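Residue numbers (the working numbering): -12 to 107.
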């Protein structure tokens, strides 16, 4: 939390944060040539700057049907349409929202791709 406070002090309202809460992180420490585990409760990626424009949605745990997922992502499309700028997408998903939930692969990614075909 302290690092977020410092970022907000410096960048004020021009900050976008994405990430999640986790029990531990597995990472590859190339300096000691072995995989490590580290206990932590949050991780994330921070984007800052004057020209950052963010649109976001959250797929709550009760949003499980393809039609409902598409409806939520269409809200993001509505928010982002009309913005004349370069864009890219970053999806952060819970491992529980995969094949075991949908009985299929890449459901949410495929719906996003159909609505934002030119967004990497």
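Even for Gly, the Cβ is constructed at its ideal location relative to N, Cα and C.
Note that this is a predicted model, so its numbers are computed, not measured.
Practice task
Can you say whether residue 61 is buried or exposed, counting buried as having 16 or more other CB atoms within 10 angstroms of its CB?
Solution key: Counting from 1 along the chain shown, the entry for residue 61 is found at position 74. Exposed is the call here.
Exercise for the section: With DSSP collapsed to three states, give me the class of residue -3. Expected result: One-based indexing of the chain shown puts residue -3 at position 10. Here residue -3 carries a helix assignment [DSSP, helix/strand/coil].
Handout entry: Nearest-angstrom beta carbon gap, residue 35 and residue 88 [assumed within contact, 8 Å]
Key = Sequence index remark: in the chain shown, residue 88 carries index 101 (1-based). Sequence index remark: in the chain shown, residue 35 carries index 48 (1-based). With 8 Å as the limit, residue 88 and residue 35 do not qualify as a contact, their Cβ atoms being about 33 Å apart.
Problem - Proximal residues to residue 92 (C-beta, below 6 Å), its chain only, five neighbours per side dropped - result: Within the chain shown, residue 92 is the residue found at index 105, counting from 1. So the list reads 86, once near-sequence residues are dropped.
Problem - Given residue 57 as reference, the closest of -5, -4, -8, 103 once Cα atoms are compared - result: The residue labelled residue 57 in the question sits at position 70 within the chain shown. Looking at the Cα atoms, 103 is the closest of the given residues.
Exercise for the section: Label residue 99 either buried or exposed according to how many other C-beta atoms from any shown protein chain fall within 10 Å of its C-beta, with 16 as the threshold for buried. Expected result: The residue labelled residue 99 in the question sits at position 112 within the chain shown. With 16 or more other Cβ atoms within 10 Å, it is buried.
Practice task
Going by CA-CA distance only, name the one from 46, -5, 33 that's closest to residue 82.
Solution key: Against the chain shown, residue 82 aligns to sequence position 95. That would be 46, whose Cα lies nearest to the Cα of residue 82.
Exercise for the section: Indicate the three-state DSSP secondary structure (helix, strand or coil) for residue 94 in the structure shown. Expected result: Numbered from 1 along the chain shown, position 107 holds the residue referred to as residue 94. Three-state result, residue 94: helix.
Problem - Check whether residue 63 and residue 94 have beta carbons under 7 Å apart - result: Residue numbering aside, residue 63 sits at position 76 when the chain shown is read from its first letter. Residue numbering aside, residue 94 sits at position 107 when the chain shown is read from its first letter. Contact: no.
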